Amino acid sequence: MERFWFILVIVSVCGFSFAQSRQELRFQRPLRDLRRSLKQKDAEAVIEALLGNTNRTDLFELEALLIVYEDEYPETLEGFLKEDIKPFEDELGRTADLKEAIHFSEEVGAPPVLIAFLKGREQEQREKLKRFLEEHRFIGEKASQSPLMKLQAALEDTEWDGKKADRKHVLKQLRKLIKEVEATDYEMKELESGIHEFRRDLRWVPIYLRSFPDLFKLDPRKLWAEYSDPNHPVLKSPYSKLPVVRNKVGFPILFPQQGLFALNETIDQLGKAKDIGKMEELLPQALLASGAVTKASEAKKLGRELVRRHPNYVPVFKKAAEIYQKVTDEKSGLLAVLHPILKEQKEWDKRDCRNFLRTLGH
């Protein structure tokens, strides 16, 4: 007994706690996975780990958590998103994009000189990412002062709200996100400010669900889009499932599983169209810059021919417009279906949630 109290005193003095809040626990998985990759033996190994372990997903989840909580707890959490996590994700994303551009070019049989040019660009971006990681103390001699370490300390210092207030706040933020997407008039004839922005905004919904896995529950209600084929590609997406957690809340926010599948299929289709559009822009520029061709007209023609060889080729803007119309239709579109499902839960209590699940035989 005396030994137990001695250990308890030591733990208390050192500032450790056996119990973490739900909010703090949600940050732990992406923080842990990022730290694991950042601990590699050298900067090059770190970059390979970050790309190979899909740590960009971890950064997205940290972004989602900070978007939800930063304004609610500015005294401890303000600044991490803008100054550290988002810039990290941007630099890693640029590196991943160039790696994908090389793979795309090899798939369509692009001239070797063009592939060599893109590999040179990728190496330059890798060096830029290394400098970023060192300057922001994610790696190197000062890694003990990493933003991830400081974020962990800030999480421990935050006085978090209880479960009921937290559920209300997260539901409010998700509803706000969907309403903003509904209210935005995306221009599907623009690649970056239209197609890419629309896809990026939609993608936050499944990222939110993965970032709060203890708080959300996928329910089996029927929607207009059904995915009964177990081999459907969308079912294999990591975003079509919630991470397994032990301590789920007793009063979850319900989200239709079929709606999540439809959302992820939409994001995947937009992603393929966006990638084709990006290569339609990049290849002519790279063909000229690499010296593969000498005239802009030749670069445009050859770039178009190469892109159309790719198995995922679609007429970009036509395909994007079709998807946009289907998702945003005011009566039957996916957003119009999801919005009221979340809105009605604003007034629910735990009994309402249980009764609804019971009607679904769940």
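Residue numbers for the sequence shown follow the numbering used here, so the first one is 81 and each next one is one higher.
Backbone N, C-alpha and C define an ideal beta-carbon position, used for all residues, glycine too.
Predicted model only: the values in this text are computed from it and were never measured.
Here residue 300 is not near residue 105, since their CB atoms are 9 Å or more apart. Burial of residue 143 is indicated by the presence of at least 16 other C-beta atoms within 10 angstroms of its C-beta.
In its chain, beyond the 5 residues on either side, 118 and 226 have a beta carbon closer than 6 Å to the beta carbon of residue 218. Residue 146 is positioned such that its CB atom lies no closer than 9 Å to that of residue 169.
Using a C-beta cut-off of 8 Å, the region 181-189 makes contact with the region 355-367, since at least three inter-stretch Cβ pairs fall below that distance.
The DSSP-derived three-state label of residue 297 is strand.
The Cβ atoms of residue 336 and residue 421 lie closer than 9 Å to each other. For residue 334, the pairing in a beta bridge is given by DSSP as 297. Within the same chain, 274, 277, 278 and 404 come within 7 Å of residue 266 by CB-CB distance, once the 5 residues on both sides are set aside. The criterion of a C-beta distance shorter than 9 Å is satisfied by residue 237 and residue 156.
Relative to the Cα of residue 232, the nearest Cα in the group 423, 110, 398 and 385 belongs to 110.
Here residue 352 is near residue 392, since their CB atoms are less than 9 Å apart. A Cβ-Cβ contact shorter than 9 Å links residue 248 with residue 426. Sequence-distant partners of residue 203 (beyond 5 residues in either direction) whose C-beta falls short of 6 Å from its own C-beta are missing from its chain. Taking a contact to require three or more Cβ pairs closer than 8 Å, the region 369-378 and the region 185-199 qualify as touching. Only residues of its own chain outside the window of five on either side were considered, and among them 281, 282 and 415 have a CB closer than 7 Å to the CB of residue 261, listed in chain order.
For residue 207, the enclosing alpha helix (DSSP H) has its first and last residue at 192-215.
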